[in-house]
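> The structure is given below, and queries will be raised subsequently.
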Amino acid sequence: MSTQSRKKSRLQRKERVGGQSTLEMAEPVPHSLQLTLDKILGAIEESKTTLQREICQVSVELGLLRADHQKLADRVREAETTLTGVAPAQQSLEPVSQLYSKLFNEAERIRRWKGSIESEIQSNEKKLHDNKRTIDAQRKAIQELQASLKMSTVH
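See the structure below:
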């Protein structure tokens with residue numbers, strides 16, 4: 001029996017999980033190595049769960065910020081319409097110049113708020129992207145750990 005066929009006989013192909021095939025050891029793994037691997041995998045799973053929870057929270061916050069952004073955009077449009085739509089012959093207790101000044105100040109305040117909301121959205125999107133990248137790195141580390149475990153038990 002060749003060396004390669006002996007290695008293959010020690011490993012069994014496991015069912016595809018999540019689009020990736022994994023190998024399962026046909027022979028038992030040493031207990032101390034299995035405990036270490038279990039601890040590492042437990043920590044990784046815990047990190048993955050935490051990151052997924054954070055991603056959900058960021059997604060919810062991002063949805064709320066987008067809703068706020070839409071409301072802000074509506075208010076800006078309304079303020080701009082009001083600024084440009086004020087008729088000169090309008091009857092008012094305040095002079096027209098004061099009305100324009102107040103509307104202009106309100107529009108500027110809304111624009112500043114819009115800028116801060118957009119900045120928050122970008123920050124949350126970056127955080128979401130970073131969390132997804134961390135999950136991918138941990139997934140790769142798990143695969144490498146499984147591969148090194150397989151190699152160490154084969155030799």
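The UniProt record's numbering applies: residue 1 is where the sequence shown begins, and numbers increase by one. Note that the Cβ used here is the ideal one computed from N, Cα and C, for glycine as well. Keep in mind that this is a model prediction, so the values were computed, not measured.
1. How about Ala35 and Ser152: are their beta carbons less than 9 Å apart?
2. Return the CA-CA distance between Thr134 and Ile44, expressed in angstroms with no decimal places.
3. Just to confirm, is the Cβ distance from Leu72 to Lys102 under 9 Å?
4. How big is the Cα-Cα spacing for Ile142 and Leu41?
5. Among the residues of its own chain, which have a CB less than 8 Å from the CB of Leu128, if the five just before and after it don't count?
6. Candidates Pro30, Leu37, His31: which alpha carbon is nearest Gln144's?
7. Just tell me which of Gln146, Ile121, Gln138, Asn131 has its CA closest to the CA of Leu65.
8. On the CB-based measure, 16 or more other CB atoms within 10 Å of its CB, does Ser2 come out buried or exposed?
9. Kindly indicate which residue of Ile117, Pro95, Ala67, Leu99 has the alpha-carbon position closest to the one of Thr82.
10. Let me check understanding here. Comparing Cα to Cα, which of Ser123, Ser47, Lys132, Val76 lies closest to Glu108?
11. Could you tell me if Asn105 is buried or exposed, where buried requires 16 or more neighbouring beta carbons within 10 angstroms of its beta carbon?
12. If you drop the 5 nearest sequence neighbours on each side, which residues of the same chain put their C-beta closer than 7 Å to that of Glu80?
13. When you compare the CB positions of Ile117 and His69, do they come within less than 9 Å of one another, or not?
14. Hey, would you say Gln138 sits closer than 9 Å to Lys48, going by beta carbons?
On the basis of the data shown:
1. Per the sequence shown, residue 35 should be read as Leu rather than Ala. Against a cut-off of 9 Å, the Cβ pair of Ser152 and Leu35 comes out as no contact.
2. The alpha-carbon of Thr134 is positioned some 11 Å away from that of Ile44.
3. No. Outside cutoff.
4. 7 Å
5. Ile55, Val58, Ser59, Leu62
6. The sequence shown places Glu at residue 144, not Gln. Glu144 has its Cα closest to that of Leu37, out of Pro30, Leu37, His31.
7. Ile121
8. For Ser2, the predicted model reports a pLDDT of 48, less than 50, meaning its position is unreliable; a value from the coordinates is still stated below. The residue in question, Ser2, is exposed, as its Cβ has fewer than 16 Cβ neighbours within 10 Å.
9. Leu99
10. Val76
11. exposed
12. Ala107
13. The answer is yes: Cβ separation under 9 Å.
14. yes
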